Amino acid sequence: MKRRFMAVLIALVMCLAAFSGCSALKGLERDVQVILQNEGEYVGTYTVNIFNNAVVPEMTKDGYQFRGWSVKDNWTAGVDSEELLSENTGLIRYDDIKDYIGKDSLSITLYAAYSEIPHHDLVIAWYNKEKTSGLTQESIDAFQSELYAYLTTQGYTPEQMDIVIRGYSGDVGTTCSEIKKDGDVDIMIGWSSTSNITGTGGMEEGTDFIENNGGVTIGAKERYAARLTDTELCNLVYRWIFDKYSETGLPEEPEPQPDADLVIAWYDRHTDSTDSGLTQEIMGSFVAALREYLSTQGYDGASMNIVTRAYSGAVGDSCAQIKEVGDVDIMLGWSSNIDTTGEMTEGEDFLQNVGGVTIGTAERYAARLTNDELTRLVYRWIFDTYSETPLPEYPDDPTTDPEPDLSDRSLKIAWYDKESTSGLNSLIIANFETALKAYLAESGYPMSEMNIELRAYEGDVATSCAAIMQDGDIDIMLGWGKNIGSEGGMTSGTDFIQNVSGIPMGGKSRYIARVTDTAITKLVFAWLQTQPAQDSLAAVEITDTKLVIGWYAKTSTTGLKEEMLTAFETSLTAYLAQLGLTDTVTLEIRKYSADLDVAGVGEQVNSQGDVDILLGMGTNITTKGNIETLERVDYTMGGKDRNIARLTDDDLTKMIFAWLQTDEVKVLFA
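Residue numbers (the working numbering): 85 to 754.
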């Protein structure tokens, strides 16, 4: 009886415990809504409880490392506790939030937390997976010793430098993900081919790494080395790795192929209904005669890159191909129907199409598609040589609407950030931007309301054009070549409207392409074909390492105040940083005392002899101040009508003087 009682008692206790446990678990089962925010923007809402975690996105921010999600907005590394961060960057658990929610709370907001990526002189990642990479700590130690010895021969002191050689363990996907997340690696050694680190590793060529080359044996196996950054030290070490550890050496970057000077399409069609009268032999003789003619016109006809390309399809098909490629200058052998049957639009796809030309065995038409000087010269020669009918006059010079539509408020211009090809760099673009804004202001646009953006695109033609098409908001392209269609994959009439050659940029003859049809785009595109615009795209040579800007501190006369100059110096410093000149140019804002009269200011300026720009003087800067100026512009300062004066003639001073005349700078002196 006693045993039976004890058994019943034990069973009763266990049931009570079970019911109690179920009740407790039920309390923990409550769903909590986790709201995620990143830099003030809503990311999403996720549900977690004790049994279910939430898989959440990992955020990115240029120059920063994503640390996870925090209950504290604006979490700051080194100030706020790491315990305020989620344990995983891509996962939110109930344990991450349980201490921060009230008894009855059903939601909580978490914020993306970042820390600045630490700066090192050099970071080399190595694949710490011996069976795959052949690398061990011993082989890496030997590599480090060799590296330090080499850097010493190059004038570096590696023992005093911040050089990090960091191992990454795990599979390709995991290690490549960690490298991207760290964001500070310059070189990777020990991984595999580009297809492997992109396909399996999830890295993107041109974004996450610049190049990846094989044939490197640092450990027991021949592997690859990838370069992720473009610093001077990184490039030096990357080349040394191949000189030291590769039998083949670092592959040389192929020389860029020169753009065609002239592309002539000819109609290779011979049917009962259509016979162009042209053959390959006839075109060979035509090009030989053209080269001789160009040699008499100051060109090097023998060495010019003249491309002739045959098209044999029906009119509709052949014209569609020409529009898609988008690099043809002249068409020979078609008829009058390239607009109707060929669906080419006059003024966009071609400029002139004139008949009466007999190059081969039939009288046909010749069409001009581009407006550069060489194309116009050759087109006129074709009619002088192969036609009895003179070429009709055509307005060669671009014109602008005397009363332009000023309703547009946005203009986005892409520029090809590959100086060896395009001739363009950030200094030239800054100069161009100043001239562009001045032109738009003169044309009547309200610059305070305008959104003008000049966006750099890097990579080869295919990569940069693909990025432009993906962005989908570019109006004009600067610095590409004839091949934005053939190599860039852009379709004429769809991805761009016009592509005009013969525009000098940084000493190179390049193309400008019009992508959209807005009024401001057409206005600026026409302006780009004028001399003032092309002058602003000339090469800029910065030879002066010091920029001195003086200001007359007599506020009652000049309107200038200390706080104005402080704001101006901050803005100018930021502008120099944008141009990449903060390390090469020393800036001095020099104050001339209010106790001085104009003659006294002039005496000091002349005795010092190093002032580039002078602010706040009046019209008597020369007569009373005895200061010789190269350029002087009326300028309102603190409500007073004064002058800014340029005293020196170097490129940097001229750039800054033009920048001073933009609305964004003028407002600093209001």
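All C-beta atoms in this analysis are idealised placements derived from N, C-alpha and C, irrespective of residue type, glycine included. Model, not experiment: these values are computed from the prediction.
- If you draw a 10 Å sphere on the C-beta of residue 582, you find 16 or more other C-beta atoms in it, and that means buried.
- Note on the stretch 489 to 521: whole alpha helix (DSSP H) runs with a minimum of 4 residues are 503 to 506, in chain order.
- Between residue 382 and residue 456, the alpha-carbon positions lie close to 16 Å from each other.
- In the three-state DSSP reduction, residue 162 falls in the coil class, being neither helix nor strand.
- In the three-state reduction of the DSSP assignment, residue 116 falls in the strand class, which pools E and B.
- Looking at the DSSP output, residue 589 sits in a beta bridge with 592.
- DSSP assignment within the stretch 690 to 735 yields the following whole beta strand (DSSP E) runs of 3 residues or more, N-terminal first: 697 to 701, 715 to 721, 724 to 730.
- Rounded to whole angstroms, the separation of the alpha carbons of residue 539 and residue 568 is 17 Å.
- Contact between the stretch 165 to 172 and the stretch 201 to 212 is absent, with fewer than three C-beta pairs closer than 8 Å.
- Nearest C-alpha to residue 532 among 140, 748, 691, 618: 748.
- Taking residue 586 as reference, the option from 459, 673, 236, 474 with the minimal CA-CA separation is 459.
- For residue 125, the pairing in a beta bridge is given by DSSP as 122.
- Residue 661 is classed as exposed because its beta carbon has fewer than 16 other beta carbons within 10 Å across all chains shown.
- By the CB criterion at 9 Å, residue 731 and residue 696 fall inside the cutoff.
- In the same chain as residue 653, and ignoring 5 residues on each side of it, the C-beta atoms closer than 7 Å to its own belong to 673, in chain order.
- Around the beta-carbon of residue 158, fewer than 16 other beta-carbon atoms lie within 10 Å, marking it exposed.
- Between residue 537 and residue 511, the C-beta spacing is not below 9 Å.
- Rounded to whole angstroms, the gap between the alpha carbons of residue 552 and residue 187 is 52 Å.
- Residue 134 places its beta carbon 9 Å or farther from that of residue 192.
- Under the Cβ criterion (8 Å, minimum of three pairs), the stretch 601 to 617 does not count as touching the stretch 629 to 640.
- Taken through DSSP and simplified to helix, strand or coil, residue 350 comes out as strand.
- Between the C-alpha atoms of residue 641 and residue 727 there is a straight-line separation of about 12 Å.
- Secondary structure note for residue 646: its alpha helix (DSSP H) is the uninterrupted segment 646 to 662.
- The beta carbons of residue 698 and residue 651 sit about 19 Å from each other, so the pair does not count as a contact at 8 Å.
- Under the Cβ criterion (8 Å, minimum of three pairs), the stretch 377 to 395 does not count as touching the stretch 431 to 439.
- The beta carbon of residue 129 is closer than 6 Å to those of 117, 119 in its chain, skipping five residues each way along the sequence.
- Beyond the five residues adjoining it in sequence on each side, residue 264 comes within less than 7 Å, by CB distance, of 287, 292 in the same chain, given in chain order.
- Runs of the alpha helix (DSSP H) lying entirely within the stretch 521 to 580 and spanning at least 4 residues, in chain order: 545 to 555.
- Residue 506 and residue 183 have their alpha carbons spaced roughly 58 Å apart.
- Scanning its chain for C-beta atoms nearer than 6 Å, with the 5 sequence neighbours on each side dropped, one finds around residue 742 the residues 518, in chain order.
- For the 9 Å CB-CB criterion, residue 630 and residue 649 do not form a contact.
- Between residue 573 and residue 546, the C-beta gap is smaller than 9 Å, which places the two residues in contact.
- Residue 146 holds the alpha-carbon nearest to the alpha-carbon of residue 200 among 146, 556, 356.
- Residues 349, 451 of the same chain have their beta carbon placed closer than 6 Å to that of residue 415, with the five preceding and five following residues left out of the count.
- In summary, residue 509 is buried, with 16 or more beta-carbon neighbours lying within 10 Å of its beta-carbon over all protein chains present.
- DSSP places residue 154 in the strand class (E or B) of the three-state scheme.
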